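Asks: Take a look at the following structure, please.
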Amino acid sequence: MLMLQDIRKSYRIGPTEVEVLKGVTLEIQRGELIAIMGPSGCGKSTLMNIIGLLDRPTSGRFLIDGSEVSYADDDALSEIRNQRIGFVFQQYFLLSRLTAIENVELPLVYRGDAHRFTRERSMELLRRVGMEERAAHRPSELSGGQQQRVAIARALVGKPSLILADEPTGALDTQVGHEIMELFRTLNREDGITVVIITHDPGIAAQCDRSAVMQDGVIVQ
Amino acid sequence: MILRANLKEAARSLLSSKQRTILALIGIVIGIGSVIAMVSVGKIVQEESLRQFREMGTDILTIEKDMGGGPDSKPGGGAPGPGAALRLADILAIPGACPGIDTVAPMARGGGEISFNGKKLEQAGALGVTESFLGINKLKIGQGRFLTDMDEQSRYCVIGNAVANQMPQLGGGQPIGGKIRIGDNLFTVIGVLKPVPEGGMRRFEPNTSILIHITTGMRAFVNAEIGSVTAHVRTGVSNKTAGEQVKAHFTAKAKGLSVRVTSPEEVVAQMEKQMQMFTLLLGAIGSISLIVGGVGVMNVMLVSVTERRREIGIRRALGAKRGDIRGQFLIESVILSLVGGLLGILFGVGASRIIAHFAHWQFALSTSAILLGVGVSNAVGVFFGYYPARQASLLDPIVALKSD
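The listed protein sequences derive, respectively, from chains A and B. Using my numbering, you'd call the opening residue of the first sequence number 1 and step up by one each time. Using my numbering, you'd call the opening residue of the second sequence number 1 and step up by one each time.
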């Protein structure tokens with residue numbers, strides 16, 4: 001469902017041009033749980049930004065469900081992010097002023113869905129990640145693991161075809177990190193959601209179906 | 001819905017940084033408040049003048065000697081020149097000669113020191129008038145009686161309310177019967193006028209006037225000259241026709257002397273023009289504080305955008321379009337400005353009410369000023385909020401997500 005062909009990305013830093021991605025080719029099947037692994041500075045964050053449509057490649061082709069997406073205009077990219085991609089970040093990135101359920105609702109709000117529907121659907125997702133008791137709490141009243149569960153509910157609420165998780169357990173202790181990984185595995189197994197996890201931790205990668213290792217701007221295995 | 005979520009979010013965001021919000025509000029409140037106060041005071045003054053004017057009646061003409069500047073006042077050619085004056089006899093002949101005029105009231109201003117009990121009377125001016133003066137100027141007698149045409153050459157005077165109020169402090173008892181010195185002559189007070197609200201359409205201030213008969217005045221005043229004549233137009237005759245008749249009368253009677261006849265319509269037109277300038281000026285002064293207030297809003301919004309860069313990044317990642325982000329921040333600044341505007345309206349209306357109270361004007365709530373306030377505050381919110389909102393919408397999501 002995801003197809004990257006010879007993706008290159010370079011940044012201009014002052015007078016010199018630095019090539020961060022040097023021709024990444026990767027195919028991800030529907031329903032896969034895949035880890036993209038590599039040391040810091042290998043370009044995996046840049047790759048994640050491109051897969052997440054937050055950034056555009058300098059050259060190469062990127063197809064989601066068979067359609068070329070990475071050169072679409074800003075509004076179109078926003079819409080694809082909203083419809084097809086669910087983000088999970090290392091720092092959870094919940095909005096601190098909003099309650100848990102309001103955070104989960106956000107992607108639906110940007111779709112323009114009716115309030116009654118978004119509430120119901122968000123509550124359903126909070127139940128799915130075991131956070132329905134905390135729906136009215138603000139992020140500051142939740143533990144790191146709980147916040148990440150809310151963030152996962154937010155990623156899932158819009159029924160995306162892809163969950164893109166950037167070091168999802170990086171800020172959590174091993175036990176809680178394990179629980180979060182377990183949740184991803186369950187979602188992947190039971191709902192058939194494609195999950196891409198970016199990590200530098202081989203332990204996390206080992207829990208995935210497959211892992212792609214990046215080094216110096218290319219995928220080496 | 002996005003709008004609903006944005007409104008809620010804007011309210012939350014403004015409430016979460018109370019201090020900053022309040023500071024920006026103060027700016028807007030003062031800005032809108034001063035515009036409203038200025039415009040509404042302008043309106044009140046305008047209505048007050050018109051009201052007083054209507055009290056005076058619209059059938060009154062003012063006749064003055066043309067001081068020059070007009071096309072019909074060329075010097076030379078055997079004309080009496082600028083020294084020529086309105087003569088009392090010619091004036092008193094107007095009702096007979098002009099069918100459109102039924103009454104005339106000439107007025108001569110007097111110079112000279114005015115004193116009572118040997119002490120100077122502050123704020124007093126002597127006027128030579130006739131019996132018709134009282135009625136035509138819509139004045140009322142409070143005590144005693146007014147001058148009649150039987151008082152020609154007499155040493156009687158009728159005083160304004162403010163003059164009467166000064167007399168006890170100068171050691172006088174009852175004003176009636178008191179003796180006032182004008183120049184070298186002593187006048188006995190025979191009547192006191194009822195107080196009149198200040199700032200009317202009259203060419204004199206009734207409350208501080210000392211009225212004596214014009215025939216006495218012409219002899220007693222230094223450099224006595226009849227300055228203006230008030231004429232009452234007969235019912236059913238237009239002001240224009242009556243005015244033409246008066247002009248013709250003077251052309252026939254006093255060769256070379258040209259008179260200027262001012263009708264109430266002209267005065268109103270002139271007054272409205274002046275009031276418009278006045279209101280415009282006041283509005284412009286108010287607008288300056290409004291701009292300052294608007295810059296305050298912009299500042300708060302810019303800080304808000306900078307502080308919430310990461311939030312913007314998160315929202316963008318979740319699918320917010322640039323327009324959604326711009327809308328969110330615009331709504332916030334419009335809400336801020338509208339709240340400021342509403343408070344400003346209260347402040348402005350309150351201020352104009354206080355001003356009206358102390359100036360003894362009739363307070364009038366100006367709906368146009370309120371609409372102006374709401375409209376302007378909205379515009380300020382959009383205008384000064386647009387730049388920060390645009391900055392927010394143009395943030396690169398990746399950069400925004402990385403910032404803290």
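By construction, the Cβ of each residue, glycine as well, lies at the ideal position given by its N, Cα and C atoms. All figures in this text were calculated on a predicted structure; none of them were measured in a lab.
Return the CA-CA distance between B:Leu338 and B:Ile325, expressed in angstroms with no decimal places.
Replies: Position 338 of the second sequence, counted from the start, is the residue given in the question as residue 338 of chain B. Position 325 of the second sequence, counted from the start, is the residue given in the question as residue 325 of chain B. Those two C-alpha atoms are separated by around 20 Å.
Asks: If you draw a straight line from the alpha carbon of B:Arg234 to that of B:Val382, how long is it in whole angstroms?
Replies: Taking the first residue of the second sequence as position 1, residue 234 of chain B is located at position 234. Taking the first residue of the second sequence as position 1, residue 382 of chain B is located at position 382. Our two residues, B:Arg234 and B:Val382, have alpha carbons roughly 58 Å apart in a direct line.
Asks: Could you confirm whether any beta carbon from chain B is found closer than 8 Å to the beta carbon of A:Glu179?
Replies: Locating residue 179 of chain A in the first sequence gives position 179, where the first residue counts as 1. Not closer than 8 Å to any Cβ of chain B, the Cβ of A:Glu179 fails to qualify, so no.
Asks: Does the stretch 83 to 95 of chain B come close enough to the stretch 276 to 285 of chain B to have 3 or more Cβ pairs within less than 8 Å?
Replies: no
Asks: Hey, does B:Lys273 have any beta-carbon neighbour from chain A nearer than 8 Å?
Replies: Taking the first residue of the second sequence as position 1, residue 273 of chain B is located at position 273. Not one chain A Cβ lies under 8 Å of B:Lys273.
Asks: Please classify A:Ile193: does DSSP put it in a helix, a strand, or coil?
Replies: As a working mapping, residue 193 of chain A is identified with position 193 in the first sequence. Three-state DSSP puts A:Ile193 in coil, outside helix and strand.
Asks: Quick one: what's got a C-beta closer than 7 Å to B:Asn223's C-beta in the same chain, skipping five residues either side?
Replies: Start at 1 with the first residue of the second sequence, and residue 223 of chain B comes out as number 223. These residues qualify, in order along the chain: Gly111.
Asks: Please list, in chain order, all residues of the same chain as A:Asp55 whose beta carbon is under 8 Å from its beta carbon, the five residues on each side excluded.
Replies: Taking the first sequence and counting its residues from 1, one reaches residue 55 of chain A at position 55. Closer than 8 Å at Cβ, skipping near neighbours: Lys9, Thr46, Asn49.
Asks: Give the interface partners of B:Ile410 over in chain A, defined as CB-CB distance under 9 Å, in chain order.
Replies: Missing from the structure shown is residue 410 of chain B; chain B here goes from 1 to 404 and no further.
Asks: Tell me, please, whether the CB atom of B:Ile398 is closer than 8 Å to any CB atom in chain A?
Replies: On the second sequence, residue 398 of chain B is found 398 positions in, with the first residue counted as 1. It does: the Cβ of B:Ile398 has a partner Cβ on chain A nearer than 8 Å.
Asks: Let me know the alpha helix (DSSP H) ranges lying completely inside the stretch 261 to 312 of chain B, each 4 residues or longer, listed in chain order.
Replies: 264 to 307
Asks: Of the choices A:Leu26, A:Ile28, A:Tyr11, whose alpha-carbon is the least far from that of A:Val20?
Replies: For this step, residue 20 of chain A is matched to residue 20 along the first sequence. For A:Val20, the nearest C-alpha among the options comes from A:Tyr11.
Asks: Since I believe A:Ile163 is in contact with A:Ile193 (beta carbons under 8 Å), could you give me their beta-carbon distance rounded to a whole number of angstroms?
Replies: One-based indexing of the first sequence puts residue 193 of chain A at position 193. One-based indexing of the first sequence puts residue 163 of chain A at position 163. Contact flag correct, Cβ pair sits at about 6 Å.
Asks: How far does the alpha helix (DSSP H) with B:Val163 in it reach, from first residue to last?
Replies: Numbered from its first residue, the second sequence carries residue 163 of chain B at position 163. Where B:Val163 is concerned, the enclosing alpha helix (DSSP H) stretches over 161 to 166.
Asks: Going by DSSP in three states, A:Val220 sits in which element: helix, strand or coil?
Replies: As a working mapping, residue 220 of chain A is identified with position 220 in the first sequence. The answer is coil: DSSP assigns A:Val220 none of H, G, I, E or B.
Asks: Is B:Ala320 close to chain A? Criterion is C-beta to C-beta, closer than 8 Å.
Replies: Here the question's residue 320 of chain B lines up with position 320 in the second sequence. It does; some Cβ of chain A falls within 8 Å.
Asks: Please go through the stretch 4 to 74 of chain B and give each complete beta strand (DSSP E) segment of 3 or more residues, from N-terminal end onward.
Replies: 60 to 65
Asks: Return the Cβ separation of B:Lys211 and B:Ile141 in integer angstroms, given the expectation that the two are a contact with Cβ distance under 8 Å.
Replies: For this step, residue 211 of chain B is matched to residue 211 along the second sequence. For this step, residue 141 of chain B is matched to residue 141 along the second sequence. Here residue 211 of chain B turns out to be Leu, not Lys, going by the sequence shown. That belief does not hold up - the Cβ atoms of B:Leu211 and B:Ile141 are roughly 11 Å apart, past 8 Å.
Asks: Taking the alpha carbon of A:Asn103 as the point to measure from, which residue in B:Val334, B:Arg315, B:Val380, B:Ile398 has its own alpha carbon closest?
Replies: As a first step, residue 103 of chain A must be located in the first sequence, where it is residue number 103. A:Asn103 has its Cα closest to that of B:Arg315, out of B:Val334, B:Arg315, B:Val380, B:Ile398.
Asks: Which same chain residues end up closer than 6 Å to B:Gly385 when comparing Cβ atoms and leaving out the 5 residues on each side of it in sequence?
Replies: If you number the second sequence from 1, residue 385 of chain B lands on position 385. Once the five neighbours on either side are set aside, the close Cβ partners of B:Gly385 are Met301, Leu330, Ser333.
Asks: Where B:Asn161 and B:Gly125 are concerned, what is the direct C-alpha to C-alpha distance, given to the nearest angstrom?
Replies: By 1-based counting over the second sequence, the position of residue 161 of chain B is 161. By 1-based counting over the second sequence, the position of residue 125 of chain B is 125. The alpha-carbon atoms of B:Asn161 and B:Gly125 are separated by roughly 13 Å.
Asks: Counting contacts by CB-CB distance shorter than 8 Å, is B:Glu311 in contact with chain A?
Replies: By 1-based counting over the second sequence, the position of residue 311 of chain B is 311. Between B:Glu311 and chain A, the shortest Cβ-Cβ separation is below 8 Å.
Asks: Counting pairs of Cβ atoms below 8 Å between the stretch 198 to 212 of chain A and the stretch 17 to 36 of chain A, do you hit three or more?
Replies: yes
Asks: So is B:Arg12 in contact with chain A if we call contact Cβ pairs under 8 Å?
Replies: Stepping through the second sequence from its first residue, residue 12 of chain B is reached at position 12. Yes, because at least one Cβ of chain A sits closer than 8 Å to the Cβ of B:Arg12.
Asks: In whole angstroms, what separates the C-alpha of A:Arg233 from that of B:Lys402?
Replies: The structure shown has nothing for residue 233 of chain A, since chain A only spans 1 to 221.
Asks: Per DSSP, what are the beta-bridge partners of B:Gly128 in this structure?
Replies: By one-based count along the second sequence, residue 128 of chain B stands at place 128. B:Ala108, B:Ile212.
Asks: So which residues on chain A does B:Arg20 lean against when the C-beta distance must stay under 7 Å?
Replies: On the second sequence, residue 20 of chain B is found 20 positions in, with the first residue counted as 1. The contacting residues do not exist; B:Arg20 stays about 15 Å from chain A at best.
Asks: Closer than 7 Å, Cβ to any Cβ of chain B: which residues of the stretch 127 to 151 of chain A, in chain order?
Replies: Contacts with chain B (Cβ-Cβ distance below 7 Å) from the stretch 127 to 151 of chain A involve no residue at all.
Asks: Mapping DSSP to helix, strand and coil, what is A:Leu2?
Replies: By 1-based counting over the first sequence, the position of residue 2 of chain A is 2. Residue state, collapsed to three classes: strand.
Asks: Where are the alpha helix (DSSP H) runs, 4 residues long or more, that stay fully inside the stretch 35 to 87 of chain A, in chain order?
Replies: Inside the stretch 35 to 87 of chain A, DSSP marks whole alpha helix (DSSP H) runs of 4 or more residues at positions 44 to 51, 74 to 84, from first to last along the chain.
Asks: Compare the C-beta of B:Ala389 with all C-beta atoms of chain A and state if any pair is closer than 8 Å.
Replies: Against the second sequence, residue 389 of chain B aligns to sequence position 389. It does not: the Cβ of B:Ala389 has no partner Cβ on chain A nearer than 8 Å.
Asks: Got a sec? Which residues, its chain only, sit under 7 Å from A:Gln146 by beta carbon, not counting five neighbours each side?
Replies: Counting from 1 along the first sequence, the entry for residue 146 of chain A is found at position 146. The residues are Met131, Arg134.
Asks: Can you tell me which of the three DSSP states A:Arg12 falls into?
Replies: Numbered from 1 along the first sequence, position 12 holds the residue referred to as residue 12 of chain A. A:Arg12 falls in the strand class under three-state DSSP.
Asks: Between B:Ser352 and chain A, is there a C-beta pair that is closer than 8 Å?
Replies: Locating residue 352 of chain B in the second sequence gives position 352, counting from the first residue. Contact of B:Ser352 with chain A is not assigned, every C-beta pair being separated by 8 Å or more.
Asks: Which one or two residues does DSSP pair with B:Cys157 in a beta bridge?
Replies: Here residue 157 of chain B refers to the residue found at position 157 when the second sequence is read from its first residue. B:Cys157 pairs with B:Val189, B:Ile212.
Asks: Measuring CA to CA, which of B:Pro99, B:Ile60, B:Phe204 is closest to B:Met107?
Replies: Counting from one through the second sequence, the residue named residue 107 of chain B turns up at place 107. Among B:Pro99, B:Ile60, B:Phe204, the Cα nearest to that of B:Met107 belongs to B:Phe204.
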